[in-house]
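Student: Numbering-wise (the UniProt record's numbering), the sequence shown opens with residue 1 and increments by one.
The structure is given below, and queries will be raised subsequently.
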Amino acid sequence: MLSYIDAQDFEDRGMRHAFNFTNTRRNAQMLASGFKPPLAVRTGTSIVGIVYQNGVILGADTRATEGPIVSDKNCSKIHRLQDHIFCCGAGTAADTEQMTLMTSAELDLHGLNTDRQVPVVCASMMLRRTLFRYQGHISAALVMGGVDKYGPHVNCIHPYGSIDKLPYAAMGSGTLAAMAVLERGWSPSLDLDQGKQLVREAISAGVFNDLGSGSNIDLCVITPNGAQHLRTETIASERGERLGKYAILPNTTLVKSISVQDIDITDERVYRPSVSVSQAASLSTSEFQSEPPTDTEQPPPDNP
1 MLSYIDAQDF
11 EDRGMRHAFN
21 FTNTRRNAQM
31 LASGFKPPLA
41 VRTGTSIVGI
51 VYQNGVILGA
61 DTRATEGPIV
71 SDKNCSKIHR
81 LQDHIFCCGA
91 GTAADTEQMT
101 LMTSAELDLH
111 GLNTDRQVPV
121 VCASMMLRRT
131 LFRYQGHISA
141 ALVMGGVDKY
151 GPHVNCIHPY
161 GSIDKLPYAA
171 MGSGTLAAMA
181 VLERGWSPSL
191 DLDQGKQLVR
201 EAISAGVFND
211 LGSGSNIDLC
221 VITPNGAQHL
231 RTETIASERG
241 ERLGKYAILP
251 NTTLVKSISV
261 QDIDITDERV
271 YRPSVSVSQA
281 ASLSTSEFQS
291 EPPTDTEQPP
301 PDNP
């Protein structure tokens, strides 16, 4: 969330690109006054990309969360940039969607102007420049993969604009579990079936070890001949079925015995605190507990 100084800086520099910062000052003042903004829909995610013999394989889970609530069980986290370049997104769902849509449009224009296939490095530079310009305020962590005339590429792009070119990469909240599987099983000689199985195992490790990841597994296979987006390729965490029906009708609970006991009131005391509510707010817990309670016994009734 932008601070008031950051909001002024964005407005003073006139940054009017795909993201609208018109109400940044108003939002900063509302936050300073104690307003609680609604929770953003986030893709607490496990996303993976690997290079195999003939191309690139990308994988992602399909769970989107809104705080502790699963808002979408089957959202798509693999986005098309070009026919030979795809991108997995982790972070805020709106930011990743907008970033990929904007970059895809820019790459289409670039391809029309140059009349040739857009190289993967061009897409990665567009993404990193946009993210670096906004200094991390765009919550989008990306794993981009593609195949061009220079070969297969997997790039890991962070929200602040830094980039890593790796043979295999993982990002999101399930990174540690997924990376453990990739480091154990990846090799440059993987074929298509072995690569798919490795990506499935990596995403499954993220799903079963991270609460923000879950539901299904999507894959995208990119080769020099084109790309194949496999939607819901595997169901990682399938909902279990109940073994029996537990429909209990009313008045079916067995009552073994009934016991009624009368309670005689022999003494009654009223405890009142020695400090008022306003004074108790200013005292510490230890001081408040050290104050002994005052016993006030009710006087006996007068004899008639």
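Beta carbons: idealized from backbone N, C-alpha and C, even for Gly.
1) Let me know if residue 113 comes out buried or exposed under the rule of 16 or more other beta-carbons within 10 Å of its beta-carbon.
2) On a Cα-Cα basis, can you pick out the residue from 152, 151, 164 and 150 that is closest to residue 127?
3) According to the neighbour-count rule (16 or more other Cβ atoms, all chains shown, within 10 Å of its Cβ), is residue 155 buried or exposed?
4) On the criterion of 16 or more Cβ atoms from any shown chain inside 10 Å, does residue 257 qualify as buried, or is it exposed?
5) Quick one: complete beta strand (DSSP E) runs, 3+ long, within the stretch 143–211?
6) List the residues that DSSP assigns as beta-bridge partners of residue 69.
7) Which residue from 102, 170 and 86 puts its Cα closest to that of residue 199?
8) Going by C-alpha to C-alpha distance, which of 261, 213, 202 and 147 sits closest to residue 91?
9) CB-CB under 6 Å to residue 54, same chain, minus the five flanking residues each way: which ones, in chain order?
10) Going by other Cβ atoms of all chains shown within 10 Å of its Cβ, with 16 needed for buried, is residue 159 buried or exposed?
11) Roughly how many angstroms separate the alpha carbons of residue 14 and residue 22, rounded to a whole number?
12) When DSSP builds the beta bridges, which residues end up paired with residue 59?
13) By how many angstroms is the C-alpha of residue 262 removed from the C-alpha of residue 255?
14) Considering only C-alpha positions, which residue in the set 30, 29, 61 and 147 is nearest to residue 206?
15) Cα separation between residue 226 and residue 84?
16) Using 7 Å as the threshold, is the C-beta distance between residue 135 and residue 107 below it?
17) On a Cα-Cα basis, can you pick out the residue from 186, 123 and 146 that is closest to residue 101?
18) Can you tell me where the beta strand (DSSP E) with residue 230 in it begins and where it stops?
19) Given residue 148, which residues of its chain have a CB within under 7 Å of its CB, disregarding the five upstream and five downstream residues?
20) Using three-state DSSP, classify residue 91 as helix, strand or coil.
21) Cutting at 7 Å between CB atoms, please list the residues of its own chain near residue 195, excluding the five before and the five after it.
22) If we call anything under 7 Å between Cβ atoms a contact, is residue 204 one with residue 236?
23) Does the Cβ of residue 86 have 16 or more other Cβ atoms within 10 Å, making it buried, or fewer, making it exposed?
Tutor: For this structure:
1) exposed
2) 164
3) buried
4) exposed
5) 151–157, 163–165 and 168–171
6) 66
7) 170
8) 213
9) 223
10) buried
11) The predicted position of residue 14 is uncertain, since its pLDDT is 48 and thus under 50; a value taken from the coordinates is nonetheless stated next. So the alpha carbons of these two residues sit roughly 10 Å apart.
12) 48 and 219
13) 21 Å
14) 61
15) 6 Å
16) no
17) 123
18) 226–235
19) 84, 117, 119 and 120
20) strand
21) 50, 52 and 57
22) yes
23) buried
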